[in-house]
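Participant: Let me give you the structure first, and then I'll get to my questions.
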Amino acid sequence: MSEDRLIEGKTISRRRFFLYAWAVSVVAVMGEAVGMLFKFIQPRVQEGAFGGKITAGKMEEFPLGSVTSIKEGRFFISHLEGGFLALYSKCPHLGCLAPWIEGEGQFNCPCHGALFNEKGELLSGPSPRPLDLFPLEIVEGEIVVDTSTPILRKQFEESQLVS
Ligand code: FES
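Quick note on the numbering used here: the sequence shown kicks off at 133 and runs consecutively.
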């Protein structure tokens with residue numbers, strides 16, 4: 133009798149009891165693993181955060197000739213004759229963030245001195261290409277930038293402008 137356990141009025145052997153306990157443990161561990169797998173495959177990018185689509189603001193908030201930092205998106209909106217560009221602030225050389233220096237009218241990478249103009253074109257320094265772009269669209273008068281995939285380019289072209 134000491135070898136048996138009483139469950140719902142029935143006695144079961146110690147061996148069977150441990151078998152049930154082991155089976156419950158396996159199911160619990162598998163459930164945890166499946167939960168973690170679902171969490172892993174869920175997209176981690178939230179709407180409005182870097183890596184997703186970000187609304188920069190209304191078109192009129194970006195006057196012609198302005199270069200405006202959108203910090204949460206790590207990009208700048210540059211309003212040029214002919215349209216807008218969303219310039220990724222990450223320097224294509226080694227990845228430092230290149231701020232826009234308003235007084236100089238250029239992006240100045242603090243790491244190795246690469247300089248870029250308002251179109252993102254390389255003026256001087258070690259960068260292998262211009263600043264990368266993010267896809268930009270105008271939705272009901274607002275500028276929406278998709279920060280999921282930067283566009284690498286060899287040079288500025290008018291066709292990159294969005295109006
Ligand atoms: S990281 Fe910008 S110039 Fe090197």
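All residues carry an ideal CB built from backbone N, CA and C; glycine is no exception.
Can you list, in chain order, the residues of its chain with a C-beta nearer than 7 Å to that of E290? Leave out the 5 residues immediately preceding and following it.
Facilitator: For E290, where only same-chain residues beyond five positions count, the Cβ hits under 7 Å are G214.
Participant: Under a criterion of Cβ closer than 7 Å to any non-hydrogen atom of the ligand FES, which residues qualify, in chain order?
Facilitator: Those residues are C223, H225, L226, G227, C228, A230, C241, C243, H244, G245, A246, G257, P258, S259, given in chain order.
Participant: Round the Cβ separation of G108 and M191 to the nearest angstrom and send it over; I've been treating them as touching at under 8 Å.
Facilitator: For residue 108 there is no data in the structure shown, the boundaries of the chain being 133 and 295.
Participant: Could you work out which residue in G235, A230, F207 is closest to L247 when comparing CA atoms only?
Facilitator: Residue A230 is the option with its Cα nearest to L247.
Participant: Reducing DSSP to helix, strand and coil, say where T143 ends up.
Facilitator: Strand at T143.
Participant: Give me the residue from V277, L284, E250, S280 with the minimum Cα distance to L196.
Facilitator: That would be E250, whose Cα lies nearest to the Cα of L196.
Participant: Are there 16 or more other CB atoms within 10 angstroms of the CB of Q287, so buried, or fewer, so exposed?
Facilitator: With fewer than 16 Cβ atoms within 10 Å of its Cβ, Q287 is classed as exposed.
Participant: In this structure, how does DSSP classify A246 when only helix, strand and coil are distinguished?
Facilitator: The answer is coil: DSSP assigns A246 none of H, G, I, E or B.
Participant: For Q287, which of helix, strand or coil comes out of DSSP?
Facilitator: Looking at Q287 - three-state DSSP - the assignment turns out to be coil, as it is neither helix nor strand.
Participant: Are the CB atoms of I270 and F208 within a distance shorter than 9 Å?
Facilitator: Not closer than 9 Å, so no.
Participant: Nearest by alpha-carbon distance to I186: which of F149, E253, G205 is it?
Facilitator: With distances taken between Cα atoms, I186 lies closest to G205.
Participant: I need the straight-line Cα distance from F266 to L151, nearest angstrom please.
Facilitator: If you take the alpha carbons of F266 and L151, they lie about 57 Å apart.
Participant: With distances taken Cα to Cα, identify the nearest neighbour of C241 among S221, P260, F170, G235.
Facilitator: It is S221.
Participant: Report the rounded CA-to-CA distance for P282 versus D264, giving the unit in angstroms.
Facilitator: Going from the Cα of P282 to the Cα of D264 covers about 6 Å.
Participant: For W232 and V166, I'd like the C-alpha separation in whole angstroms.
Facilitator: So the alpha carbons of these two residues sit roughly 46 Å apart.
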